[in-house]
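J.: Please read through the structure below; I'll follow up with questions.
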Amino acid sequence: MLGSLSSSSLLSLFFIMLVISGLSGLLFLHPRIPLSFVRIHIGIVALPSLVSLLALTNNSGNRGDGFWYLDSLAWLMVFFVLTIGLIIQRFSVRYLMGDRSYRKYFTLFTFTTGAASITCLSADLRLMVISWGATLVGLTLLIRLNRAWKVASEAAKVSGRLFILSWFSLLFAIIWLFQVTGQWQLSLILTNESLAQLGAWERTGVNLLIVLAVIIPAAQWPFQRWLIESVVAPTPVSAIMHAGLVNAGGIMLARFSPLFNGDIASIILLILASFSVLIGYGISLVQVDYKRQLVGSTIGQMGFMFIQCALGAYVAAIIHLILHGLFKATLFLQAGSAVRRFEVSTPVNERSSYLWIMAGRTLALVIGIAYWLMAPLEGYQLISALILGWSLSVSWTQLVAFGKGRIGRIVGLSFLGGAAIVYFIIHNLFYEWLRTTVFQSVQPPMSVVIIVVCLLLFGIAMGTWVARNRSSVSFAILYLWLVRLGEAKPKLVESHPNYLKQYLSQGGNR
Amino acid sequence: MNGTSVLTKENVKKQDTNINHQESNINVLIESASQVIAPLWPISAFAARNPWAGLEKQSFEQTAAWLNKTRDIDIYPSASMILSAKSKGEIDEAFVKMGLQHWLDSHSYNIPRNVAERFCHAALKLDPLPSNLLSSLKLEKLADEFSGLNTDRIDNFLIQPISSNIANEDGERLVNILDHHVIKWCKLYLDDSQAGWTMPNRDEGFYRAWQRLIQYDPALNKIQRKSLKGWPKEAHMALKKALFALEIPNSEIQTYLEGHLLSLPGWAGMMLWRSRQSSHEHSLLTEYLAVRISMEWALLKPYLHLTNQRPEKKVSIAPLIAAWIHWGDLTIEEWSQMSAAEQNEYLSFAYSFDEKLRRKLWLEAWEQTHTDRLSQQIISKQRKIIDKKSALAQFAFCIDVRSEPFRRQLEKEGPFETIGIAGFFGLPIATSELGSDHSHSSLPVILKPQHKIKETADENELKLYQQRKQAVTSLSYTFKTMKQNVLASLLLPELSGPWLSLQMVSRSFVPRRADRFIRNLRETWLRKPNTTLSLNHVHHLEAEMPVGFSDEEKVNYARQALKMMGLTKNFSPLIVICGHSSKSTNNPYAAALECGACGGAAGGFNARALATLCNLPEVRKELSSEGIEIPEDTVFVAAEHKTTVDELHWIYVPELSEAAQEAFDRIEAIMPKVSRNANAERLAQLPNFKKELKNPKAEAHRFAEDWSEIRPEWGLARNAAFIIGQRELTQDCDLEGRAFLHNYDWNQDESGDLLANIIAGPGTVSQWINLQYYASTVAPHYYGSGNKATQTVTAGLGVMQGNASDLLAGLPWQSVMQSDHEVYHSPLRLLIVIQAPSGYVKRLLNNDSVFREKVQNGWVRLASVDPDGRWVNW
């Protein structure tokens, strides 16, 4: 029976479930409802997520009706956002036990992920802007949940200001589009006739506004500050921020792809994103706080996602943003395990492993070239091949060449093989899912690809150079700049969490 | 500091131009100043740390006043805590009244006693003054009319860094900016290889690395960078230069340094700890102060002309008048009719009967109530020591408060005798696990290890084991390497994402099964071989510490442990030495739940070492020649009490004699029931949504294995007493897991040495634990670690709050609070109860001046139960 559900009835079912979960969130706010209701709430929140899974597996190539996107990309993103949200809410049941904003937290969280899921579905720009705005408001409120803490409310202000800039930028972009094309629905705007109405400079203008709107939530340089300073938020809030909300830009760009492709704006995005990759990577290298390293890494990963978008590899970008989201959410949730307990041994570089290393490099080179030759004309394929080959070489060196004894090498090889197989299976699965969603992508000029490759290689050269010139002045300057970029402003730092003093004096016998 | 500033002045008088002398001079000052902070060690070996260890020469009250003045920290329980304890019936108000009478008797004032009493009684209700009264215009007028209350003058303003009195153009206090810089430099320097790129020039030491880098630091502006360029190359020169530039008079230097150390006591404490670990970092604290004060000078430079404006704090009169109106039932008219002298008297009285004093009286009443109830419980229920019937098995548990409920449940189920002893069993050892080069000092942090004990196995098996282990670590190492490579890091999420999300989903929805699966997988893969301990003495010339014990030492340690347990006769066939350990998942404070006597690690290793020693025929032979006759069929085994799930896990069971086997089987048979009851009792205290637990065991395992669990167990929260005496004294009491229990029989301790050892060793450990919980509860922002949800692990060493903060030293907020609204731990100073004749206690106090100081200065409370069963408060 389920197989015959039409997409529109699935959509209505989805909205019913979403509304129910929202109502459950609101209900939980009421002080008369016992705290143990939260367990029922988690069950209710799982419903819309399940419906979206059903819709995803049940998708028969429907592309939606102009007001809603109902293709597999939309449902995939809805499922992703809601499931991550569900997992994090489940995590918070115990993790935030006893928190004074316990009820408010779950309500806000449900509201924020719900709004984000509507954003993924909306094909009407007005709805998209409104629901995206609601998501940003929800996120800001989550950051400032503990506003008795001075730094948390400051961080919310910093984030809020940048979000407002981002949101207005998107708003102006769609108003501009409406002015020219007279349409609010994205599918109608992106037809060739409508696009033809856009002059070259208008197109660039709109695109630049969209770029501004997407790079802020993705914390790209020079707008990374909000992500760096919102480390003050509780761990689960950071998890949803890094897993679900920073990557909204990727989906928007994918949706706007016909407008965006080949425009000068994509070159600007490419430059900012490449720069962010290097900065984010640099921050995660020099920082010693676990969460701050993760922030640096997110900035870099989002930069990479935008590089993929700018090169027209939208499917790769979507895969990257989903897997990165899951990866980062897990790393945040297990942030408590970051204390090392008596683990010391680091593999030593033995002479005997030299041959093994060389073998690994050769293998990596061969595989990299082979991968590139599978589609030598696609710009992104070259970058992908480079990364794949390089990663193979690095992991081979660690897992196989440095493996201790036969056991070590066999295990290393099987890990490598296992990871590779899963990697390809997952990628195929995603390509299969997203096959129905057609992205119009124009190949970027090869020169652009070369620039990106050079930038990435520059990053590597930098690392090698640093390893050899650790005491040089230029390294000192580079190091201190990276530290500075990754640090919060003094205003957002408090030497001791003084708000707890207030908690104690207000507390009492409630 | 009152005690130490005398030293300062003497030093200053002897000023000398000799540079060497000056250097030692500043070192002496730093040494004395460092008393105000306590060393802090990495969180992976979190062990009890008394934040006031260096201040015990002063009374608790003086320390409280001093902390309040220097850092605005209040170390008396808050009014809401007191009121909630009162409403739960934990405080008997009669004691408050007695405390008040005592205070009134011992202070002189010139107002009628009945007026004073009425005022005090009303004030002791601890309600805040109504805000409409405080802000009323009439009151303001009255206060304005009055000027100059004769109270103690606001003294030395240098007790706080100068930068804390000055704000920059944006209104940010300079000391915050200074802290921000100092935190950054500390964490980068101390990093325990978390970063891919470590701080340049780090191996030249903290100060030198800073001195070379600071001239390029973009976080400073150009002028500041310039002013620090060419700053002295030596830390103490820099420190002196900065102090001179800030015009700190010589006599005030120590005070000034103390103020700086107290600004970030965690980072300073970590520097202090590191400086004691290796000789090449021995001057780390000097370097820290040099960096900090040099930077302060650079930040302050443009504002230095302002520093002469000393802030003037005046006693504000309005609240005092309001207090009289509100609590003393005076009307404004009555007040205005008083003479100036009279008014002055009234105000002085209200000023001295301030809020701190009121809460002090309450705290003391709370403690007295606790003492009173404990004494009644013990005295009414104590058993007469009849001839001991031979028990089937004897268990030696750690003194840890979590042992008490478990012991109680165990004793209920059969003829078992339990004994309390510090969980390192008197073995001053550093332990080294199989195949690991790392050794852990498994003894109280106040002691130094003297022997190294390694876990060893058959060489071939060990080699294979290490290969398997290496295979596991190489995986996480590869993860890290890829993360730190620019290209590989981009692929890493796609490679590891599927695996991590599998883990995330299963840990979220089936936490127990997921954790068990991962653990079993790991254990099956590793297959740890059977191991033995290297107890025999091996002489290494190059090693600092000898491996193993000599024959004589084996006998000595075994004898000492048996004597400490009071176990020199009536041996049961089976003697179980129980260490304890805890299990929690995704918990940076896991070590805080481990054995405090073993330096924040599981105690099984020590238990196993002792049990093995006591089974050695040569040791037994030697002991029997000294009159400690261990029967042939008595066997020592070792186990671990898992405190999170209240289970007993065997870790060393040699071949058992018939009688021992019988006892062993009996224990196995009753253990499920013991666990069930102990868990049920304990889980009732932990916040949970499930009201009735059908299966306490499963729920306890969920607490241990759920990665989202914020309070895996309560640890040592609510600890309040340390009872040193026979088990018969407390056997019939439900001590609610709030008491450390150490066995002691004064009849066998004529010289008093055993008692002295118990007080010096386990006594200090439990006092430190107690004060750490106390401090983390009353001043959670300063001595605690704040909310676990907003912490970040930094440098692999400890945690910070939010974006950056001091390195937090104490217990997290969730470990002492039931919720944000409700305290769980009762902040009471440890009550030490000794079961011995008064003469023993007197002798102890006479001989042990350190302990005497602790008692006299109010850092612990002391009571004794004499042989006639009478309770004496000391």
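So the protein lines, in turn, are chains A and B.
Residue numbering for the first sequence follows our numbering, beginning at 1082 and increasing consecutively.
Residue numbering for the second sequence follows our numbering, beginning at 6 and increasing consecutively.
Cβ coordinates follow ideal geometry from the N, Cα and C atoms, glycine included.
Keep in mind the model is a prediction, meaning the values are calculated, not measured.
#1: Under DSSP, the alpha helix (DSSP H) around THR639 of chain B begins and ends at which residues?
#2: Here's the rule I'm using: 16 or more other beta-carbon atoms within 10 Å means buried, otherwise exposed. How should VAL1100 of chain A be labelled?
#3: Could you tell me whether any Cβ in chain B is nearer than 8 angstroms to the Cβ of LYS1582 of chain A?
#4: Of all the residues that make up the region 711 to 736 of chain B, which are near chain A by a beta-carbon distance shorter than 9 angstroms?
#5: Determine the contact status of GLU460 of chain B and GLU438 of chain B, defining contact as a CB-CB distance below 8 angstroms.
#6: What three-state label does DSSP hand CYS191 of chain B in the structure shown?
#7: Which same chain residues, not among the five before or five after SER1198 of chain A, have their C-beta less than 6 angstroms away from its C-beta?
#8: Is DSSP giving SER395 of chain B helix, strand or coil here?
#9: Can you tell which of B:ASP670, B:GLU558, B:ARG532 and B:ASN525 has its C-alpha closest to the C-alpha of ASN541 of chain B?
#10: Please name the residue in A:ILE1123, A:ALA1419, A:PRO1115 and A:ILE1114 whose C-alpha comes closest to that of PHE514 of chain B.
#11: Can you round the beta-carbon distance between TYR212 of chain B and ALA247 of chain B to whole angstroms, since I take them to be within the 8 angstroms contact cut?
#12: Taking beta-carbon pairs under 8 angstroms, can you tell me which members of the region 1355 to 1370 of chain A lie near chain B?
#13: According to DSSP, is PHE901 of chain B helix, strand or coil?
#14: Evaluate the contact criterion for the region 794 to 810 of chain B versus the region 773 to 782 of chain B: three or more CB pairs, one atom per stretch, below 8 angstroms.
#15: In whole angstroms, what is the alpha-carbon distance linking THR336 of chain B and LYS365 of chain B?
#16: Would DSSP call GLN1583 of chain A helix, strand or coil?
#17: For SER444 of chain B, which residues of its own chain have a beta-carbon under 7 angstroms away from its beta-carbon, when the five flanking residues on both sides are left out?
#18: For the pair the region 36 to 52 of chain B and the region 263 to 278 of chain B, tell me if three or more CB-CB distances fall below 8 angstroms.
#19: Starting from the Cα of GLY815 of chain B, find the closest Cα among B:GLY803, B:GLU599 and B:SER824 and give me that residue.
#20: Where does ARG866 of chain B sit, in a helix, a strand or coil, going by DSSP?
#21: What does the Cβ neighbour count give for HIS585 of chain B, buried or exposed, with the cut at 16 atoms within 10 Å?
#22: Between the region 650 to 664 of chain B and the region 674 to 684 of chain B, are three or more C-beta pairs nearer than 8 angstroms?
#23: With a threshold of 16 other CB atoms inside 10 Å of the CB of GLY235 of chain B, please say whether the residue is buried or exposed.
#24: Give the DSSP-derived three-state secondary structure of LYS699 of chain B in the structure shown.
#25: What are the boundary residues of the beta strand (DSSP E) that includes VAL804 of chain B?
#26: I'd like to know whether the C-beta atoms of ALA345 of chain B and LEU139 of chain B end up nearer to each other than 8 angstroms.
#27: Quick one: what's got a C-beta closer than 6 angstroms to THR639 of chain B's C-beta in the same chain, skipping five residues either side?
#28: To the nearest angstrom, how far is the alpha carbon of PHE1249 of chain A from that of ALA1294 of chain A?
#29: Contact between the region 1436 to 1451 of chain A and the region 1474 to 1485 of chain A is defined here as three or more beta-carbon pairs at a separation below 8 angstroms; is this criterion met?
#30: List, in order along the chain, the chain A residues whose C-beta lies closer than 7 angstroms to that of GLU634 of chain B?
#31: Specify, as a first and last residue, the run of the beta strand (DSSP E) that LEU746 of chain B falls within.
#32: According to the neighbour-count rule (16 or more other Cβ atoms, all chains shown, within 10 Å of its Cβ), is GLN1479 of chain A buried or exposed?
#33: Do GLY1592 of chain A and ALA476 of chain B have their C-beta atoms within less than 8 angstroms of each other?
#34: For PHE882 of chain B, is the classification buried or exposed, using 16 other Cβ atoms within 10 angstroms of its Cβ as the cut-off for buried?
#35: What residue range does the alpha helix (DSSP H) around MET1383 of chain A cover?
#36: With 8 angstroms as the C-beta to C-beta threshold (strictly closer), list the residues of the region 209 to 224 of chain B near chain A in chain order.
T.: Based on what the coordinates show:
#1: Taken as a continuous stretch (DSSP letters only), THR639 of chain B belongs to no alpha helix (DSSP H), as it is neither H nor E.
#2: exposed
#3: yes
#4: ASP711, TRP712, SER713, GLU714, ILE715 and ARG716
#5: yes
#6: helix
#7: VAL1159, VAL1162 and LEU1163
#8: coil
#9: That would be B:GLU558, whose Cα lies nearest to the Cα of ASN541 of chain B.
#10: A:ILE1123
#11: The Cβ separation is near 12 angstroms, so there is no contact.
#12: VAL1358, LEU1359, TYR1362, SER1365, LEU1366, VAL1367, GLN1368, VAL1369 and ASP1370
#13: Nothing in the structure corresponds to residue 901 of chain B, since chain B is present only between 6 and 879.
#14: no
#15: Taking the straight line joining both Cα atoms gives about 29 angstroms.
#16: helix
#17: Excluding positions up to five away in sequence, the list reads ALA435, THR436, SER437 and LYS457.
#18: yes
#19: B:GLY803
#20: strand
#21: It counts as buried.
#22: With the cut-off at 8 angstroms, the region 650 to 664 of chain B and the region 674 to 684 of chain B touch.
#23: exposed
#24: Look at LYS699 of chain B here: in three-state DSSP terms it is coil, with no helix or strand label.
#25: According to the DSSP assignment, VAL804 of chain B belongs to the beta strand (DSSP E) that extends over 803 to 806.
#26: At the C-beta level, ALA345 of chain B and LEU139 of chain B stay beyond 8 angstroms of one another.
#27: PHE576 and PRO578
#28: 8 angstroms
#29: For the pair of segments examined, the region 1436 to 1451 of chain A was found to touch the region 1474 to 1485 of chain A: the number of CB pairs separated by less than 8 angstroms reaches three.
#30: Simply none; closest approach about 40 angstroms.
#31: 744 to 747
#32: Burial state of GLN1479 of chain A is buried, judged by a 10 Å Cβ sphere holding 16 or more other Cβ atoms.
#33: For chain A, the structure presents residues 1082 to 1591; residue 1592 of chain A sits outside this window and is missing.
#34: Outside the shown range of chain B, which is 6 to 879, sits residue 882 of chain B, and nothing can be said about it.
#35: 1371 to 1391
#36: Contact annotation: in the region 209 to 224 of chain B, residues whose CB is within less than 8 angstroms of a CB in chain A are ARG217, LEU218, TYR221, ASP222, PRO223 and ALA224.
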